[in-house]
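Some notes on the structure that comes next.
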Amino acid sequence: MQKSVCLVLTLLVVVFLAPEAGAEDPPDFAFEWGSFGTLNGQFYNPSGVALDTNGNVYVADFGNNRIQKFSSDGTYLTQWGGTGSLDGQMNGPFDVAVDGAGYVYLIEANNRRLQKFTSSGGFVTKWGSSGVGDGQFTAPTGIAVDASGFVYVADALNDRIQKFTSDGTFVTKWGTYGPGAGQFDQPADVAVDASGNVFVADKNRNRVQKFDGSGNLLDYWGTFGGTPGLFRDPQGVACNQDGNVYAADTDNHRIQKFDGTGTFLSTWGSSGTGAGQFDSPMGMAIDATGNIYVADKGNHRIQKFVPAVTPVRATTWGRIRVMYR
């Protein structure tokens, strides 16, 4: 009897699935640099970080009373500062910002003033003194510069934000102490997005508040806690070119990402010394391609993260059956 073979072929299907809707993947750790010390490229509680248009990285080296400048790969370039209150000296450099022309702005918590430098550290001007009047400060801890050159300062112990021109002329201020919307309890940091919206890390109220450039409240989000979207003493805030907001959730030892309306997108980090872990993260800076630099204060280092590459998941099904008869 002749045997025949009948092939029953079931279609093999490969379906490529897009990432699931919801929270984004966190960025990937790229590399780190720094250790505790006073040598070039070492840090003592770095608290602020900023980028210029060439990708150079400026670090407010708080405990060493200096600014250090690096290339985007962490190569040491130069430094300036030194302990004191004279022009170009520093006492408690807490945060740093760079404007579109490359000028570097430094806020000093202990000298209660702002200093402006060239990109190589040449002193340009200064303003501020101890007090509660317009243009005075009590422990200023955060600084940002918008696309028009206006300078915003988180005047922490005066519970307010102050706005200046690039030469130090006082423009306006907003905020008082309290729990209400638009009030503050030690605003620790400030950031401005490409549309001129101003975001404030309201440290002791465990929230982020959003304002327009004149100080009108637009939105706010967050409360105390450890779950995603909540905070424990947030002390850093930054924006990317897409208007997303990054908050350094300092006492939770993590970074959280939101859209411009406060919708939670992703989080990463935990307490520790390993790659991608933190000990009191504070200042952040984000470049045009989405690379993120974090001042990992307690670990005396800078960590760099790059946008995550989301793998495409493939699903297959089907089979081939061979029948004899």
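Numbering (our numbering), first residue to last: 19 to 343. Where a beta carbon is used, it is the ideal one built from N, C-alpha and C, also for glycine. Every value quoted in this text rests on a predicted model; they were computed, and no experiment measured them.
Separation of Ser-89 and Gly-73 (C-alpha to C-alpha, rounded to the nearest whole angstrom) is 7 Å. Contact annotation: the region 93-109 does not touch the region 146-164, with fewer than three C-beta pairs closer than 8 Å.
Distance from the Cα of Ala-293 is smallest, within the candidate group Ala-41, Phe-282 and Arg-319, for Arg-319. The beta carbons of Gln-253 and Met-302 sit no closer together than 8 Å. DSSP places Ser-65 inside the beta strand (DSSP E), whose first and last residues are 64-69. Three or more pairs of CB atoms, one per stretch, sit closer than 8 Å, so the region 201-218 contacts the region 255-268.
Taking a 10 Å sphere around the C-beta of Phe-182, we find 16 or more other C-beta atoms and assign the residue as buried. Scanning its chain for C-beta atoms nearer than 8 Å, with the 5 sequence neighbours on each side dropped, one finds around Thr-194 the residues Asp-177, Arg-178, Gln-201 and Phe-202, in chain order.
Secondary structure note for Met-300: its beta strand (DSSP E) is the uninterrupted segment 299-304. Per DSSP, the beta bridge partners of Thr-96 are Lys-87.
When only Cα atoms are considered, Ala-165 and Lys-134 end up about 17 Å apart.
For the pair Asn-83 and Gly-139, the Cα-to-Cα distance works out to about 13 Å. By the criterion of a C-beta distance shorter than 6 Å, Gly-198 is surrounded by no residue of its chain, once the five residues flanking it on both sides are discounted. At the C-beta level, Ser-288 and Gln-295 come within 8 Å of one another.
Nearest neighbour of Asn-109 by Cα position, chosen from Val-169, Trp-98 and Phe-242, turns out to be Trp-98. Straight-line measurement puts the Cα of Asp-237 at about 32 Å from the Cα of Asp-79. Within the DSSP secondary-structure output, Glu-50 pairs in a beta bridge with Gln-321.
Non-local beta-carbon contacts of Thr-187 in its own chain, meaning distances under 8 Å to residues more than five positions away in sequence, are absent. Shown here, Phe-249 sits in a strand according to DSSP, grouped into three states. Rounded to the nearest whole angstrom, the C-alpha separation of Val-189 and Val-327 is 43 Å. The alpha-carbon separation between Gln-274 and Val-169 amounts to approximately 25 Å.
Nearest neighbour of Phe-229 by Cα position, chosen from Ser-213, Pro-111, Gln-60 and Thr-71, turns out to be Ser-213.
With fewer than 16 other Cβ atoms inside 10 Å of its own Cβ, Phe-54 counts as exposed. Between Gly-120 and Ser-137, the CB-CB gap stays under 8 Å. Around the CB of Thr-159, 16 or more other CB atoms lie within 10 Å, so the residue is classed as buried. Excluding residues up to 5 positions away in sequence, Thr-143 lie with their Cβ nearer than 7 Å to the Cβ of Asp-185 in the same chain.
Within the DSSP bridge table, the entry for Phe-276 names Val-263 and Phe-282 as partners. In this structure, DSSP gives Gly-243 a state outside helix and strand, which the three-state scheme calls coil. With fewer than 16 other beta carbons inside 10 angstroms of its own, Asp-277 counts as exposed.
In this structure, the alpha-carbon of Gly-243 lies about 42 Å from that of Phe-141.
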